[in-house]
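Colleague:
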Amino acid sequence: MALRLVSRACIRQFNTALSATRPLSMYYTKSHEWVNVSGGLGRVGITDHAQAALGDIVYVDLPDVDAEFDVGDEVSSVESVKAVGDVALPVSGIVKAVNDALSDTPTLVNQSAEDGGWICEIELTDTSELDDLMDKAAYDAFLESE
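Just so you know, the sequence shown maps onto residues 448 to 593 in the numbering used here.
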């Protein structure tokens with residue numbers, strides 16, 4: 448029995464150490480974009496806060512696949528019944544895919560801004576730029592201070 452307890456304690460300790468060293472995957476900007484990184488790729492979109500501020504999305508301008516952008520470059524624009532918002536790339540990269548579903552159903556951004564409403568997927572060209580972005584807790588604190 449004591450051996451089993453030690454084993455469980457070791458597993459908990461290992462899992463805690465693993466989660467502490469696991470890098471973030473979701474990063475946010477002060478201009479309300481996000482990038483969700485997996486390996487060397489990142490999916491990019493606007494935050495739930497941004498889509499709520501824009502209102503009903505009626506059109507999303509998608510970038511060209513294989514286009515290369517620097518951090519901060521306009522990669523897309525999102526048009527709503529109220530306004531048009533530019534989408535700046537949170538990190539430098541090369542567009543590898545776009546969310547074609549947004550062409551027919553731009554309201555996916557309203558329905559699922561930080562998941563199914565992603566705009567493009569990029570191959571990151573400078574992962575050190577992630578250090579300049581916020582995690583979810585920092586982004587939430589930023590929103591409260593706005």
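Just so it is clear, CB atoms sit at the ideal spot from N, CA and C, and this is done for glycine as well.
Determine the burial state of Gln-498: buried for a count of at least 16 other Cβ atoms within 10 Å of its Cβ, exposed for fewer.
Modeller: By the 10 Å Cβ count, Gln-498 comes out buried.
Colleague: Rounded to whole angstroms, what's the CA-CA distance from Leu-450 to His-496? Just pull it up for me.
Modeller: Low confidence applies to Leu-450: its pLDDT is 41, below 50, so where it sits in the model is not reliable enough to give any reading.
Colleague: Classify Leu-590 as helix, strand or coil using the three-state DSSP reduction.
Modeller: Of the three classes helix, strand and coil, the one that applies to Leu-590 here is helix, per DSSP.
Colleague: What's the C-alpha gap between Asn-483 and Glu-561?
Modeller: Their backbone Cα atoms lie some 9 Å apart in a straight line.
Colleague: Could you give the DSSP three-state label for Asn-546: helix, strand or coil?
Modeller: Asn-546 falls in the coil class under three-state DSSP.
Colleague: Sorted by chain position, which residues of the same chain lie with C-beta nearer than 7 Å to Pro-510's C-beta, five sequence neighbours on each side aside?
Modeller: Cβ neighbours of Pro-510 beyond the five flanking positions: Val-522, Ser-523, Val-542, Val-545, Cys-567.
Colleague: Taking the DSSP output, what are the residues bridged to Leu-571?
Modeller: Gly-540.
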